[in-house]
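Visitor: Attaching a single structure in structure tokens format; questions to follow.
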Amino acid sequence: MQGLEKLVNLEVLWLCDNEIIQIEKVRCLKMLRELHVGNNRIASIGESLNENMSLESLNIAGNRLSSFRDVLFLAILPKLASLSLSDPNCADNPICFLSNYQTHVIYHLPNLKVLDTLEITEESRRIISATVLKKRMYYTMRVRTIKRNTNFLIKLLQIQTDNDENQIEEILGDLMKAGKSVQRAKDDLSLMQNSQEKIFINTNVML
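With UniProt numbering applied, the sequence shown corresponds to residues 1 to 207, in that order.
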């Protein structure tokens, strides 16, 4: 992608089938309206198009994009109306096989009119917005339920820990009492042995 920085008035750029690894040196193309980089080896968009505010159409089908994060980078482009991550003339990006792919792209790019050569109707956008809202509500409830259950389990664990500590203290108390009883028994036995020895000695003396 050499020499692009000199083409400041360029409006349409075709770079398909060129083994390109990353989009670069297009920031200076302030007038660029169409960018075609299909069938390359681009794995990420990143901030490479952040200054191309005139961009209306982007064909990046047949590359290696695999993350929804790249879609969020495109949301900064106010005039982007057509996006192709897949089209009949190119292979699909891995992102196209992710769950809720179309829903995610259309929701996060509100100005988009065409996705993968198909028109986005207002009705489909309303349905997608309602679907996203329902999913958000569902996941919010799930998170709250998980937090509530986690707090409940923590309380149960604390109660069990407290009970275990009490039981341990009781067992230690019983062991200490038993140890004292054993010691007293040993002391009594020792006294008895001493007494018996004294009696035996006195008896021998008398004899």
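Here a beta-carbon is modelled for each residue, glycine too, at the ideal position from N, C-alpha and C.
All of these numbers come straight from a predicted model, not from anything done at the bench.
(1) Give the DSSP-derived three-state secondary structure of V8 in the structure shown.
(2) Express the C-alpha separation of R148 and K25 in angstroms, rounding to a whole number.
(3) Whole-angstrom Cβ separation of I45 and F68, contact assumed at under 8 Å?
(4) Quick test of your reading: I76 and L85, contact by CB under 8 Å. State the CB separation rounded to the nearest angstrom.
(5) Restricting to runs no shorter than 3 residues, where is the beta strand (DSSP E) found entirely within the stretch 37-114?
(6) Flag this pair as touching only if the stretch 122-134 and the stretch 78-93 have three or more C-beta atom pairs under 8 Å; answer yes or no.
(7) I think K113 touches A61, with their Cβ atoms under 8 Å apart; what is that distance to the nearest whole Å?
(8) Closest by CA to R41, which one among L35, L32 and I21?
(9) With distances taken from CA atoms, which of M53, N166 and D70 is nearest R27?
(10) Please state whether DSSP places L153 in a helix, a strand or coil.
(11) Classify I106: buried if its beta carbon has 16 or more other beta carbons within 10 angstroms, exposed otherwise.
(12) From L4 to V37, what does the alpha carbon distance come to, in whole angstroms?
Guide: So, to answer that:
(1) On the sequence shown, residue 8 is found 8 positions in, with the first residue counted as 1. Note: V8 maps to coil in three-state DSSP.
(2) Here the question's residue 25 lines up with position 25 in the sequence shown. Here the question's residue 148 lines up with position 148 in the sequence shown. Going from the Cα of K25 to the Cα of R148 covers about 51 Å.
(3) Residue numbering aside, residue 45 sits at position 45 when the sequence shown is read from its first letter. Residue numbering aside, residue 68 sits at position 68 when the sequence shown is read from its first letter. Contact between I45 and F68 fails: their C-beta atoms lie close to 11 Å from each other, not under 8 Å.
(4) Within the sequence shown, the letter at position 76 stands for residue 76. Within the sequence shown, the letter at position 85 stands for residue 85. Not quite, the Cβ-Cβ distance comes to about 17 Å (not below 8 Å), so this is no contact.
(5) As far as the stretch 37-114 is concerned, its whole beta strand (DSSP E) runs of at least 3 residues are 57-59 and 82-84.
(6) Touching, no.
(7) Within the sequence shown, the letter at position 113 stands for residue 113. Within the sequence shown, the letter at position 61 stands for residue 61. 17 Å between Cβ atoms; not a contact.
(8) Here residue 41 refers to the residue found at position 41 when the sequence shown is read from its first residue. Among L35, L32 and I21, the Cα nearest to that of R41 belongs to I21.
(9) Stepping through the sequence shown from its first residue, residue 27 is reached at position 27. Measuring from the Cα of R27, the nearest candidate turns out to be M53.
(10) Indexing the sequence shown from 1 puts residue 153 at position 153. Three-state result, L153: helix.
(11) Here residue 106 refers to the residue found at position 106 of the sequence shown. Buried: at least 16 other Cβ atoms inside 10 Å.
(12) Position 4 of the sequence shown, counting from 1, holds the residue named residue 4. Position 37 of the sequence shown, counting from 1, holds the residue named residue 37. So the alpha carbons of these two residues sit roughly 14 Å apart.
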